[in-house]
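J.: Let me give you the structure first, and then I'll get to my questions.
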């Protein structure tokens, strides 16, 4: 599978995440949703990996690598799992403390942060990231910002002239919300890079696909354990209805398992760390899904933002292809 194809599939699934999550949240609290999604992701990734290992006759080789992980390997698993649990938890908590638009703007910085982290925290040789890559990332980010700001159904000039309303507050709890959103941003970027590092541990299996989904097993399985402690510590019990289970399964299986595995696979097969910028197509696609299911309205601000995201990513794709 080509890196571009894997990333395209991942973007498609992540674009459906807001729709499925919003439908699930009608019958579940956010933390229970995250926990159950991690559980479903762990189950799907485990089944998929077991099938691939059996089919390719690499089960013995897998156990050999697993036995030789050592302290550093298990520490990497723990760090990746913890970042998975905390990144989602921090963002969900920030949504309850501050403006949803404001914290979303902060959180969506993560692909640019990941592009910066990737060459530093990985041992692989990457094509050098240039100022043009960061510029295209910023243009995509601005486009996503416009999509978020367009959610209030106001015209572009009015929204931009009053953008300070999303950040102006003397309330210490609101400030904490933005701090949590920034923390979620950095942890999400770190999780994406750490998951690739853990997949590299299994490079001796000579199967980037298996390695990618092995990273999902440990990330989501460990993340579910951490989330269980968070849920029980904060609210004492899980709270979701039967109607939410199907949507939680979709989030877990299609997004947290298959999309996350495809994202890691794309990173393992990419030469450019700027591949993270392509993620910005997901929020643009999410708006279309939400509109089709009558969960939001399309405004001129959203159209402009979407055009900026798509345009920047087309330029980035042509740039990478040329290089």
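Residue numbers (my numbering): 9 to 331. Yeah, the Cβ is synthetic: ideal placement off N, Cα and C, and Gly gets one too. It should be emphasised that the depicted structure is a prediction, and the values quoted were computed from it without experimental measurement.
1) Buried or exposed for residue 90, please, with buried defined as at least 16 other CB atoms from any protein chain shown within 10 angstroms of its CB.
2) Output the distance between the C-alpha atoms of residue 222 and residue 54, rounded to the nearest integer angstrom.
3) Could you compute how far the alpha carbon of residue 284 sits from the alpha carbon of residue 143?
4) With DSSP run on the structure shown, which of helix, strand or coil describes residue 17?
5) Would residue 101 pass as a contact of residue 188 if the rule is Cβ separation under 8 Å?
6) Quick one, are the C-beta atoms of residue 230 and residue 95 less than 8 Å apart?
7) In chain order, what residues of the same chain lie with their CB nearer than 6 Å to the CB of residue 44, ignoring the 5 residues before and after it?
8) Applying the 10 Å Cβ sphere with the 16-neighbour rule, what's the burial state of residue 321?
9) Check each candidate in 32, 23, 17 and 36 and name the one with the smallest Cα separation from residue 243.
10) Would you report the Cα separation of residue 88 and residue 227, rounded to the nearest angstrom?
11) Helix, strand or coil, according to DSSP, for residue 301 in the structure here?
12) Roughly how many angstroms lie between the CA atoms of residue 77 and residue 83, to the nearest whole one?
13) Between which two residues does the alpha helix (DSSP H) harbouring residue 65 extend?
T.: Result, derived from the coordinates:
1) Residue 90 comes out buried.
2) 8 Å
3) 13 Å
4) helix
5) yes
6) no
7) So the qualifying residues of the chain are 256.
8) buried
9) 36
10) 6 Å
11) coil
12) 10 Å
13) Neither: residue 65 is in no alpha helix (DSSP H) and is coded neither H nor E.
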